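Using the working numbering, count along the sequence shown one by one with no gaps and you end on 781.
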Amino acid sequence: MLLDTCSPYRYHVGGSLSVRAPSYVERRADQELYDALLKGQFCYIFNARQTGKSSLRVRIKYRLEQAGFTCASIDVTSIGSERVTPQQWYKGVASELLRGLGLLGKVDFKAWWGEQTGLSPIQQLSRFVEDVLLTQIADEKMVIFIDEVDSILSTGFSLDDFFALIRFFYNQRSHDSKYRRLTFALFGVATPSDLIQDRKRTPFNIGRAIELTGFQMEEARPLLQGFAGRFDHPEKILAEILRWTGGQPFLTQKLCQMVVKTDDDKLIPDSKTLSDPAQIADWTKALVQLQMIDNWESQDDPEHLKTIRDRLLRNPQRAGRLLGVYQEIWRQGAAPADDSPEQIELQLSGLVVKRGGKLTVLNQIYQAVFNQSWLNQQFAQLRPYAGMLDAWLQSSRQDDSRLLRGQALQDAQRWADSRSLSDLDYQFFAASQALENQEMHQVELARVQVAEAQLAKQKAISQWQRLVLGTMSVGFVVITGLALTIAGIAIGNKYEHKAQEIQADAIEEILEIKDLEQSLTQLIAHERELITWLDNPDQFQTTYEIYQVSAREFQEEWSELLAEYKTDIEAGFEEAEAELEFLADLVENYDGVIKTYLQTVDQFIADLNLTELQGEELSEARQSLIDINRRPAALKLEEFSEKLSDLVEIIEEEELKAAEEVIETVVRTRNQGIAISVVLSLVIAGLLALILICPERHNKAKSDM
77 MLLDTCSPYR YHVGGSLSVR APSYVERRAD QELYDALLKG QFCYIFNARQ TGKSSLRVRI
137 KYRLEQAGFT CASIDVTSIG SERVTPQQWY KGVASELLRG LGLLGKVDFK AWWGEQTGLS
197 PIQQLSRFVE DVLLTQIADE KMVIFIDEVD SILSTGFSLD DFFALIRFFY NQRSHDSKYR
257 RLTFALFGVA TPSDLIQDRK RTPFNIGRAI ELTGFQMEEA RPLLQGFAGR FDHPEKILAE
317 ILRWTGGQPF LTQKLCQMVV KTDDDKLIPD SKTLSDPAQI ADWTKALVQL QMIDNWESQD
377 DPEHLKTIRD RLLRNPQRAG RLLGVYQEIW RQGAAPADDS PEQIELQLSG LVVKRGGKLT
437 VLNQIYQAVF NQSWLNQQFA QLRPYAGMLD AWLQSSRQDD SRLLRGQALQ DAQRWADSRS
497 LSDLDYQFFA ASQALENQEM HQVELARVQV AEAQLAKQKA ISQWQRLVLG TMSVGFVVIT
557 GLALTIAGIA IGNKYEHKAQ EIQADAIEEI LEIKDLEQSL TQLIAHEREL ITWLDNPDQF
617 QTTYEIYQVS AREFQEEWSE LLAEYKTDIE AGFEEAEAEL EFLADLVENY DGVIKTYLQT
677 VDQFIADLNL TELQGEELSE ARQSLIDINR RPAALKLEEF SEKLSDLVEI IEEEELKAAE
737 EVIETVVRTR NQGIAISVVL SLVIAGLLAL ILICPERHNK AKSDM
């Protein structure tokens, strides 16, 4: 161990530790990395921030130099990323190598680089390594450490060639022995697939990944030196600290420092009273709660928890899904590791760790800080429908009143279109859409029932009018009025029959098109449900079968509708002119869209081997399925559904209105017939009365004379 026994012992919180820092904890990764570099293996250490990568690099570099190696370290952030051209970036790498290897003053770098004008930046760097570095350092083995390698992701250009060049150097070993003296070690917060996409050119499949784990008890014993003379049972205290931090280097150093500082300030009981394990556990818990968890944002200095928070929320388009995956891990305690982009991102944040094929929250501090309450706050800011979703979940998904409807559902779906959300969000949308479809169907049925009720009411009125008319006709015994009444009834019956036909046809058309619209909406909803169950083969298969049934039903209904309307469209009936014109436009613009849409989805499903999808492939499949909903055919399908609703409105407006006009004519004709009958009956009755009265008066006058 490289300990500085002369300087006072202190814990180091934040930043890399010096070579002789007494609080440095040597882990298994130290020896693995050292041995691998001694053998000339290309190594990379990718892990979350503040896990000791830089301190490891400093320590291994020192050990290799003691073993006779020539080493150079490049911090990629010092080269820059924004507003840097490829030429400037590669020249910056060469300059840093020259400086790190102590060759400044030995090589006229400016002149040499200028002579390479006309070559690509990657060719210039390749020749620099071969003609300058390997020539100037002719006999020594060379290790180049590249730190903060993830900062290249901020450049505005691809650096695939840079990583491919590292692979080229290794391949050259079989042709040129001088390349056997050169090796690389990369450090950063990234994954190999983040840094280079081309698997044929990547160096990472020939390199060695070094796993950097948290402190174990046996490894962390150097930290006990800080407790010397302060506690009677320092090992028990350290064990309790590791139980809270999970061995996370930054938090472990910080909590150790807090323990010592608290002892100095006399804020704890006499150290001799801290002997019982339960007492030590309670005291440590109180300390962590007070100084690390409560009001953590104001106490997070140097920043650590905020760094994790900011990484989780840095991309608003992906934050919802990332938090959704984390929420499942937090709630269940563990989740199967599938190496999806979201799980990898959570691991790179440091929040979760893979153990035994499962992901768990790394430690109790993270679990207490990034808890359900914190998640709810973030979801409330990310999701415009967060309150409704939470209430729905609290009801065990039974309270349908918490689902979205109408404009709220449309707004939420529009908001979600450009985002990658959690499976929970998609399940919520699917349930909301299903309820919306059900309620819309019920509304349409209710409207049809109202129309039928109105027709029945008119029938009842007509029957009553017939009864009244018949009674009055019999009462007045007026032949002419009776004839007119019968004529009015005949005309009324004719119009009534026509009204019934028009209204029945309109209702039938409305139901047919509404059923078609509902089938199309269900088809889209089922296709979206596939996204939710993509990582569950059994449920996915079930949902896909439902989707296929919906697709067949819609195809049949659409074909039937076209067959029924084809003759009418060609004839162009005047009484349905607006409806037929709209339908002709609908067929012209949307016929074939459903076929294209179904072929796209079916081809996607045919290309899947769901049981073998893992990690990135599963995520890519999910994204591909989401993208299908953003393609022209899918977008036109959404528009198609809206147009079908418009067609229903046109039919209702045209044909039901026509039926109502006919019904009004029926009523008006009957009323006119009744009125005329009554008037004529009264007139005839009056004439009859006069005829009867006049002879009597004439006879009386005669008798008086």
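C-beta: ideal position from N, C-alpha, C; glycine also. In this text, all values refer to a predicted model and were calculated from it rather than measured experimentally.
Between I220 and A261, the gap from beta carbon to beta carbon is short of 9 Å. If you draw a 10 Å sphere on the C-beta of G668, you find fewer than 16 other C-beta atoms in it, and that means exposed.
Where D358 is concerned, the enclosing alpha helix (DSSP H) starts and stops at 353 to 364. Counting along the chain, the unbroken beta strand (DSSP E) around A148 starts and ends at 146 to 151.
Separation of L606 and S496 (C-alpha to C-alpha, rounded to the nearest whole angstrom) is 15 Å.
Going by C-alpha positions, T328 is about 22 Å away from G409. For M464, the enclosing alpha helix (DSSP H) covers residues 462 to 470. The continuous beta strand (DSSP E) containing V219 extends over residues 218 to 223. In the three-state reduction of the DSSP assignment, Y402 falls in the helix class, which pools H, G and I. Nearest to Y85 by alpha-carbon distance, out of Q483, P98, S94, is P98.
When the Cα atoms are used, F233 and D415 turn out to be separated by approximately 26 Å. Per DSSP, the beta bridge partners of P412 are K434. Counting C-beta pairs with one atom in each stretch, the stretch 107 to 122 and the stretch 306 to 314 have fewer than three that are closer than 8 Å, which means they do not touch.
For G176, the enclosing alpha helix (DSSP H) stretches over residues 162 to 176. Comparing alpha-carbon positions, the option among Q367, T608, V724, I356 lying closest to M516 turns out to be V724.
Between V265 and N123, the CB-CB gap stays under 9 Å. Secondary structure note for F260: its beta strand (DSSP E) is the uninterrupted segment 258 to 264. In the three-state DSSP reduction, V183 falls in the strand class (E or B). Here F122 carries a strand assignment [DSSP, helix/strand/coil]. Here DSSP, grouped into helix, strand and coil, assigns V101 to coil. By the beta-carbon neighbour count (other beta carbons within 10 angstroms, threshold 16), N612 is exposed. The continuous alpha helix (DSSP H) containing S269 extends over residues 268 to 271.
In this structure, E172 is the residue among T619, E172, D377, A143 with its C-alpha nearest to the C-alpha of V152. Judged by DSSP in its simplified three-state form, A285 adopts strand. Its Cα nearest to that of R407, the residue Q448 stands out among R319, A532, Q448. Scanning its chain for C-beta atoms nearer than 7 Å, with the 5 sequence neighbours on each side dropped, one finds around L480 the residues Y461, M464, A488, S508, in chain order.
Here R478 is buried, its C-beta having at least 16 other C-beta atoms within 10 Å. When only Cα atoms are considered, Q594 and S695 end up about 31 Å apart. By the Cβ-count criterion, N705 is buried, with 16 or more other Cβ atoms from all chains shown falling within 10 Å of its own Cβ. Cβ contact annotation for E421 (same chain, cutoff 7 Å, sequence separation greater than five): L398, in chain order.
Comparing alpha carbon positions, the residue from L610, A357, E603 closest to D499 is L610.
Taking the Cβ atoms as the reference, T289 lies roughly 17 Å from I317, outside the contact range of under 8 Å. In the displayed model, V89 falls within coil according to three-state DSSP, outside both helix and strand. If you draw a 10 Å sphere on the C-beta of E603, you find 16 or more other C-beta atoms in it, and that means buried. The C-beta separation of E295 from V428 comes to about 21 Å, leaving the pair out of contact by the 8 Å criterion. Boundaries cannot be given for W609, as no alpha helix (DSSP H) includes it and DSSP labels it neither H nor E.
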